[in-house]
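Notes follow once the structure below has been shown.
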Amino acid sequence: MTVLADPALAADARRERRFFLSLSLPALFIVGLAAILPILWIIRQSFLTTAGEYTVGNYEKVLSSGLTWSALVTTLELSLATLAICILLGTPLALALASARPRVANLLMAFVMLPLWTSILVRTYGWLVLLRRDGLINSALTGSGLTAEPLPLVYNFTGTLIGMVHYMLPLFLLPVYAAMRDIDANLVRASASMGATLGQTIRTVILPLSAGGIFSGSIIVFIYTIGFFITPAVLGGGKVNPLSTRIERTLSTFQDWGSASVLGILLLILMALVGMMFLAARRLIAGHKVDTAHA
Amino acid sequence: MSWLRISLAAIAATVALPVSAQTVTITTAGGDYGNAIKEAMWAPAAKELGYDVREETQSDGLAALKMQVTSGAVSTDIIHLGSPEGAQAAAQSLLEPLDYKIIDPKSVPDGAKSDYCYPFDSYGTVMSWNTKTYGENPPKTWAEFWDVAKFPGRRALRANAQDLIEIALLSDGVAPADVYPVLSTPEGLDRAIKRLEAIKPNVSVWWTSGAQSAQLLKDGEADLLVTWNGRAQTVKADGGTVDYTFKGSVIGTDCLAVPKGAPNKEAAMKLIAAMTQPARVAKLTDFIAYGPVNPAGYEGGLIPKDRLKTLATAPENAGTSVFSNAGWWVKNGEVAQKAFDEMMNR
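Top line first, the protein sequences correspond to chains H and Z.
So for the first sequence, the working numbering puts the first residue at 1; every next one is plus one.
So for the second sequence, the working numbering puts the first residue at 1; every next one is plus one.
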């Protein structure tokens with residue numbers, strides 16, 4: 001913060017800050033109404049029996065159940081696998097987009113964005129048509145003699161992962177692409193002129209400078225996948241049961257709002273933990289970068 | 001001001017009507033099914049009794065019933081529920097006991113009897129298969145459904161313990177009449193869960209909705225399925241390479257009940273008795289493939305012969321089936337579902 005010598009100027013700055021804050025009030029109001037209140041309601045619900053008395057029984061029940069922990073493990077497996085594939089596929093794709101000529105880049109970008117504009121349900125059922133036993137992919141594989149038997153591509157972890165990556169890839173790509181596009185081309189040229197190979201340039205110039213974008217993309221993907229419901233429910237065939245499907249089942253089969261609320265809170269805590277881990281890691285890397293810059 | 005006079009007259013007429021006739025309010029799920037119940041059952045019965053029947057529709061009957069009774073504002077006299085919900089409602093004392101002096105107690109077979117919710121129609125949870133895979137020689141019993149060496153193929157089961165627990169015991173050689181006695185012993189549920197665990201490696205899909213099971217059948221994604229007779233029949237009628245059998249099916253029923261504190265209790269009992277006369281529950285099959293629970297509905301050619309094959313409770317399909325015991329599920333449902341979920345996640 002700069003110290004302003006003139007008190008009139010300081011008052012102006014204060015007024016300005018207050019004005020900008022007031023502009024955000026409608027948004028804050030909506031967030032409060034649509035996010036905070038329901039969360040408070042869920043927290044209250046998690047301490048109630050079906051008869052409406054206060055209890056910690058729901059927590060005991062949920063935390064002592066093996067089903068909760070196996071759902072937690074599935075959630076993490078699915079999220080980490082989705083994120084890993086998004087990074088492996090998305091980073092080179094972002095690099096290609098960022099280094100392509102503008103017209104080509106725009107065209108490619110349209111292809112990337114197209115799935116984002118399609119309903120998630122339509123896309124998920126679309127994958128069913130492609131991946132099922134008599135689906136297009138298996139018909140092509142067995143028809144051409146590449147495989148004797150249709151491959152088990154859907155109603156399992158593989159199918160769920162395919163659907164998840166398809167949904168998450170554009171969300172990962174956008175921040176990474178933005179970060180890479182903003183890299184000064186002169187830095188890349190400088191690195192090349194000083195004899196760096198392409199691999200070295202990518203490793204020492206491009207990746208460190210786009211690390212922020214990769215981090216943002218990773219947070220978005222991870223937070224989204226942790227609570228994702230439709231894809232595992234449709235493509236998992238009952239065999240992929242993360243926390244989200246566990247919550248649905250607790251409500252529909254057991255009509256147990258208390259336990260479902262506990263599971264929801266568990267999901268929330270998981271998201272908060274992961275978010276904090278990412279932020280801490282990002283600060284660490286940013287600090288490291290400053291250090292090397294000074295050295 | 002003539003419009004005012006006309007509307008006043010209209011209001012007077014609607015107010016005056018109930019005085020001239022006994023009114024009864026019935027709540028159904030609505031849609032095609034609700035309409036079938038109206039056309040075949042309560043409309044003709046109301047005409048016969050001279051009642052003025054008002055219809056309300058609710059997609060979640062149990063929730064609506066609970067709200068009306070607990071808030072003390074009961075507006076419906078008869079409510080249409082699934083039998084497990086009926087038993088649940090009875091356990092929560094939301095229902096009046098049925099008056100079996102007005103309703104004929106002999107019209108319900110022993111396995112389906114209820115003191116609170118009168119079962120009137122039924123559907124079966126059945127074995128269904130792809131005729132391309134098995135041709136003329138499909139599995140005929142649940143034991144054969146479990147025999148993956150003799151009948152290789154991909155299975156699909158519902159991701160819910162209901163009906164599957166019963167089917168698992170049937171596949172293990174338990175006689176239909178012994179299913180609930182066995183399930184009521186401490187080892188009974190374990191035995192059923194172990195049996196399901198044995199077939200689990202061959203289950204390619206655990207389906208969650210009836211529509212999904214029909215799709216799996218139609219696409220040939222699974223060769224051998226457990227599904228509801230209505231779904232299998234629809235796929236078959238649409239030309240799918242599919243067939244099904246009622247042998248060993250688990251029969252579920254829908255029922256009619258009178259909410260606790262209903263305003264026209266006695267008239268409601270009379271209407272239930274009249275609307276479930278054999279000819280009327282038989283007539284229901286004109287609209288939907290849900291057969292009468294009352295055996296008399298199948299007598300005297302009330303239902304055309306070729307349609308009998310499509311009904312779960314038709315005499316030619318009876319004998320090997322189990323009536324789903326709503327009382328058992330109300331008492332043990334949560335334990336059974338949890339054991340089932342643990343089996344699925346192992």
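Yeah, the Cβ is synthetic: ideal placement off N, Cα and C, and Gly gets one too.
Nothing here was measured: the structure is a model prediction, and the numbers come from that model.
- With the criterion set as a beta carbon lying under 8 Å from some beta carbon of chain H, the segment 98 to 110 of chain Z has no members that meet it.
- Contact of Z:N160 with chain H by beta-carbon distance below 8 Å involves T253.
- Under the 8 Å criterion on CB atoms, Z:G327 is classed as non-interfacial with respect to chain H.
- It is roughly 7 Å from the alpha-carbon of Z:A262 to the alpha-carbon of Z:S75.
- Note that the segment 94 to 106 of chain Z touches the segment 247 to 265 of chain Z; at least 3 beta-carbon pairs, one per stretch, sit closer than 8 Å.
- Nearest C-alpha to H:R44 among H:Y59, H:I30, H:V31 and H:G32: H:Y59.
- When the five nearest sequence neighbours on each side are left out, the beta carbons in the same chain lying within less than 7 Å of the beta carbon of H:G163 are those of T124, W127, T231 and L235, in order along the chain.
- Nearest neighbour of Z:L170 by Cα position, chosen from Z:K247, Z:V330 and Z:D238, turns out to be Z:K247.
- For Z:N345, at least one C-beta of chain H is nearer than 8 Å to its own C-beta.
- Nearest CB-CB separation between Z:Q22 and chain H: not below the 8 Å threshold.
- Contact between Z:G30 and Z:T70 fails: their C-beta atoms lie close to 23 Å from each other, not under 8 Å.
- Separation of Z:Q233 and Z:Y51 (C-alpha to C-alpha, rounded to the nearest whole angstrom) is 37 Å.
- About 6 Å separates the Cβ atoms of Z:A45 and Z:L271, confirming a contact at the 8 Å cut-off.
- For H:Y177, the enclosing alpha helix (DSSP H) starts and ends at F157 to R181.
- By the criterion of a C-beta distance shorter than 6 Å, Z:A326 is surrounded in its chain by S83, P84 and A87, once the five residues flanking it on both sides are discounted.
- When DSSP states are grouped into helix, strand and coil, Z:D341 belongs to the helix group.
- With contacts defined by Cβ atoms closer than 8 Å, Z:A90 and Z:F323 do not form a contacting pair.
- Nearest CB-CB separation between H:S79 and chain Z: not below the 8 Å threshold.
- With a cutoff of 8 Å on beta-carbon distance, H:S261 and H:S46 are scored as near each other.
- Here the alpha carbons of Z:I37 and Z:D286 stand approximately 11 Å from one another.
- Around the CB of H:F19, fewer than 16 other CB atoms lie within 10 Å, so the residue is classed as exposed.
- DSSP places Z:N130 in the strand class (E or B) of the three-state scheme.
- Here Z:D163 is buried, its C-beta having at least 16 other C-beta atoms within 10 Å.
- Excluding five sequence positions before and after Z:Y134, none of the CB atoms of its chain fall closer than 6 Å to its own CB.
- Cβ-Cβ separation between Z:L217 and Z:V235: approximately 5 Å, consistent with a contact (criterion under 8 Å).
- Taking a 10 Å sphere around the C-beta of H:M113, we find fewer than 16 other C-beta atoms and assign the residue as exposed.
- Only residues of its own chain outside the window of five on either side were considered, and among them M127, P139, S171 and L224 have a CB closer than 7 Å to the CB of Z:F145, listed in chain order.
- CA-CA distance, Z:A282 to Z:I78, rounds to 20 Å.
- For the set H:L151, H:I219 and H:P242, the Cα lying nearest the Cα of H:G135 is the one of H:L151.
- Boundaries cannot be given for H:V240, as no alpha helix (DSSP H) includes it and DSSP labels it neither H nor E.
- Taken atom to atom, the span from the alpha-carbon of Z:R54 to that of Z:V24 is near 6 Å.
- At least one CB of chain Z lies nearer than 8 Å to the CB of H:R132.
- Excluding sequence positions up to five before and after Z:A214, its CB lies within less than 6 Å of the CB of R231 and V235, all in the same chain and listed in chain order.
- Bridge pairing for H:F19: absent [DSSP].
- Spatial neighbours of Z:G34 in its own chain (CB-CB distance under 7 Å, excluding positions within 5 residues in sequence) are listed in chain order as T28 and T57.
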